Amino acid sequence: MRTDFAAAIDNVRRDCDAVEDHLDADTPHLTDQPRKEAAVTNTADLPAPEQGLLVTHFLTVSDVARSRTFYADIFGGRVVLNENPCIVKVANSWIIMNPGGGPTPDKPDVVLRPPEATDIVSAFLNVRVADIAAFYSDARRKGAEFLTEPLDRKAEIRCYMRDPDGYLIEIGQATGMLEGIYADL
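In this text, residue positions in the sequence shown follow numbering that gives the first Met the number 0: the first is 0, and each later residue adds one.
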């Protein structure tokens with residue numbers, strides 16, 4: 000196990016070195032730029048619990064503006080913060096987006112980047128809707144692309160779509176599970 004972890008760290012270091020090799024010393028970097036103050040529409044909309052915790056979903060994106068528009072339009076989200084990071088409140092959750100980057104002091108040896116391959120997935124956003132037919136129709140009208148139309152899986156009706164960076168998103172409506180009927184394995 001330790002050998003696999005050490006190998007993964009070595010791969011990340013090689014990736015970082017490759018990125019550094021391509022950077023021109025005269026190229027400005029994010030840390031060289033003055034910090035822009037992004038307007039917050041309402042501080043009460045920020046994912047900042049007064050007690051306990053809440054869960055958000057962070058996405059590394061290639062184009063913040065494009066992803067911000069996608070999540071606001073397709074899911075009826077409200078843009079809370081435009082950038083650094085971009086925060087879109089969607090129903091009872093938040094999608095937080097920023098471009099990728101190299102290691103930082105709080106995540107040494109970690110490189111963030113959007114997915115490169117979209118056929119291998121280890122996690123995905125799971126969105127539950129009350130009326131999948133209405134959501135599917137509305138999202139398609141707005142330009143969303145689905146892998147299939149909604150399919151009945153006994154426990155639920157579901158379909159999958161991708162965001163602009165290729166992140167997989169499941170859209171599902173509980174049906175049979177509400178009556179104790181579950182999907183076949």
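We put the beta carbon where it would ideally sit given N, CA and C, even for glycine. Keep in mind the model is a prediction, meaning the values are calculated, not measured.
Measure from the alpha carbon of Ile170 to the alpha carbon of each residue in Asp164, Arg152, Ile180, Val78, then state which is nearest.
-> Arg152
In the structure shown, what three-state DSSP assignment does Gly171 receive?
-> strand
Put Ser66 into one of helix, strand or coil per three-state DSSP.
-> Reduced to three states, the DSSP call for Ser66 is helix.
Determine, using beta carbons only, whether Val89 and Asp44 come nearer to each other than 8 angstroms.
-> no
For Phe123 and Leu167, believed in contact at Cβ under 8 angstroms, the rounded distance | With 8 angstroms as the limit, Leu167 and Phe123 qualify as a contact, their Cβ atoms being about 4 angstroms apart.
According to the neighbour-count rule (16 or more other Cβ atoms, all chains shown, within 10 Å of its Cβ), is Glu36 buried or exposed?
-> Because Glu36 carries a pLDDT of 47, less than 50, the predicted location of this residue cannot be relied on, and the following value inherits that uncertainty. By the 16-neighbour rule on beta-carbons within 10 angstroms, Glu36 is exposed.
Looking at the structure shown, is Ser136 part of a helix, part of a strand, or coil, going by DSSP?
-> Three-state result, Ser136: helix.
What is the DSSP secondary structure of Glu148, reduced to helix, strand or coil?
-> coil
Could you give the distance in angstroms between the alpha-carbon of Lys106 and the alpha-carbon of Ala182?
-> 39 angstroms
Given a cut-off of 8 angstroms, decide if Arg139 and Leu219 are closer than it, judged by their beta-carbon atoms.
-> Here the chain covers residues 0 to 184 and nothing more, so residue 219 does not appear.
Answer yes or no: do Glu144 and Gln172 have a C-beta to C-beta separation smaller than 8 angstroms?
-> no
Figure out for me which residue from Pro114, Val120, Pro84, Asp164 has the closest Cα to the Cα of His55.
-> This sequence places Thr at residue 55; His is not what is there. Of Pro114, Val120, Pro84, Asp164, the residue nearest in Cα terms is Pro84.
Could you tell me if Ile180 is buried or exposed, where buried requires 16 or more neighbouring beta carbons within 10 angstroms of its beta carbon?
-> By the Cβ-count criterion, Ile180 is exposed, with fewer than 16 other Cβ atoms from all chains shown falling within 10 Å of its own Cβ.
Identify, in the order they occur along the chain, each residue of the same chain with its Cβ nearer than 6 angstroms to the Cβ of Asp164, setting aside the five sequence neighbours on each side.
-> Val60, Ser61, Pro113
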